[in-house]
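In my numbering, each residue carries its 1-based index in the sequence shown increased by 32.
Cβ coordinates follow ideal geometry from the N, Cα and C atoms, glycine included.
Here the structure is a predicted model, which is why all the values come from computation and not from measurement.
First comes the structure, then the notes that go with it.
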Amino acid sequence: MKSLIIAIDGPSGAGKGTIAKAVASRLGYRHVDTGAMYRAIAWRALQMGLSFEDEASVVALARKAVLKTEAVIEIDGYDVTEAIRTSEIDTASAAVARIPAIREILVSHQRAIGSRGGVVMEGRDIGSIVFPDADVKIYLDASPEERARRRGLDRIHKGEVDCDEEGVATALAKRDRLDRDRTVSPLRVPSGAVVIDTTAVSVEAVVMRVMSYILDDTNRAEVGEPRDSSSC
Ligand code: DC
Numbered sequence: 033m034k035s036l037i038i039a040i041d042g043p044s045g046a047g048k049g050t051i052a053k054a055v056a057s058r059l060g061y062r063h064v065d066t067g068a069m070y071r072a073i074a075w076r077a078l079q080m081g082l083s084f085e086d087e088a089s090v091v092a093l094a095r096k097a098v099l100k101t102e103a104v105i106e107i108d109g110y111d112v113t114e115a116i117r118t119s120e121i122d123t124a125s126a127a128v129a130r131i132p133a134i135r136e137i138l139v140s141h142q143r144a145i146g147s148r149g150g151v152v153m154e155g156r157d158i159g160s161i162v163f164p165d166a167d168v169k170i171y172l173d174a175s176p177e178e179r180a181r182r183r184g185l186d187r188i189h190k191g192e193v194d195c196d197e198e199g200v201a202t203a204l205a206k207r208d209r210l211d212r213d214r215t216v217s218p219l220r221v222p223s224g225a226v227v228i229d230t231t232a233v234s235v236e237a238v239v240m241r242v243m244s245y246i247l248d249d250t251n252r253a254e255v256g257e258p259r260d261s262s263s264c
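So, in structure tokens, the structure goes:
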């Protein structure tokens, strides 16, 4: 089978991580969580005592950063796999993701990682900006209530015992607004994406649907619909 680029976008709590990992594992592909890159930069900026108002310093750190985003997330030799999954980093990473120069740096990193294919890449702008000619584009969504419920469960599993449902819902709505309203690469359904609402659907059922789109697209590619590789 051709080594495909599979783009999975959508808001927080829509199920991107779970679905992208499962699909990558079925295909034997790499799974790349681009949100973890924005989170790692935010973590490093806080650790270095930088202010997000001081964009030049945050951009300088991103330019020099050595990032690893596979099973373990590392930045400049620090394993931040757990540390980047906190409410503080939720907010900080949304601030980092609004800085155009940071996006340029990370988008170019993401293209370098994914351009050979064999990758399931998840984020907010994968099918629209990073790989506009991805072989398969999926946009996952779910109701705000369900997304807040899932995010709250994540937090509780990670030991944030003071996590109240209303607080999670408010924080999530605020982050959604930041991601959707920013001027650079706002969260949008990419053109040509298949939209799947995961609200009341089991993980297995969503994975099956995504797999069936992938296999359909592959069949079409094999009967001669060449991929336009000029745009990335
Ligand atoms: O998916 P996540 O919650 O881990 O993402 C963290 C932040 O980074 C979130 O505010 C959205 C932003 N992000 C982005 O702007 N573009 C991406 N490709 C991935 C994440």
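Of the residues assessed, Lys169 falls on the buried side of the cut-off, its CB having 16 or more other CB atoms within 10 angstroms. At a Cβ-Cβ threshold of 9 angstroms, Thr66 and Leu138 count as neighbours. When DSSP reads this structure, Glu106 sits in a beta bridge with Lys100, Asp111. Counting along the chain, the unbroken beta strand (DSSP E) around Arg62 starts and ends at 62–65. Taking non-hydrogen atoms of the ligand DC into account, the C-beta of Gly155 is found less than 8 angstroms away from one of them. For Asp208, there is no enclosing beta strand (DSSP E); the enclosing alpha helix (DSSP H) has its first and last residue at 197–213. As DSSP reads the structure, Gly155 sits in a beta bridge with Asp41. A heavy atom of the ligand DC is found nearer than 8 angstroms to the CB of Ser125. For Ser44, the shortest separation between its Cβ and any heavy atom of the ligand DC lies below 8 angstroms. Judged by pairs of C-beta atoms under 8 angstroms, the stretch 215–233 touches the stretch 38–57, as three or more such pairs exist. Between the stretch 119–134 and the stretch 98–105, the count of Cβ pairs shorter than 8 angstroms is below three; the stretches do not touch. DSSP places Leu172 in the strand class (E or B) of the three-state scheme. Separation of Arg181 and Glu154 (C-alpha to C-alpha, rounded to the nearest whole angstrom) is 21 angstroms.
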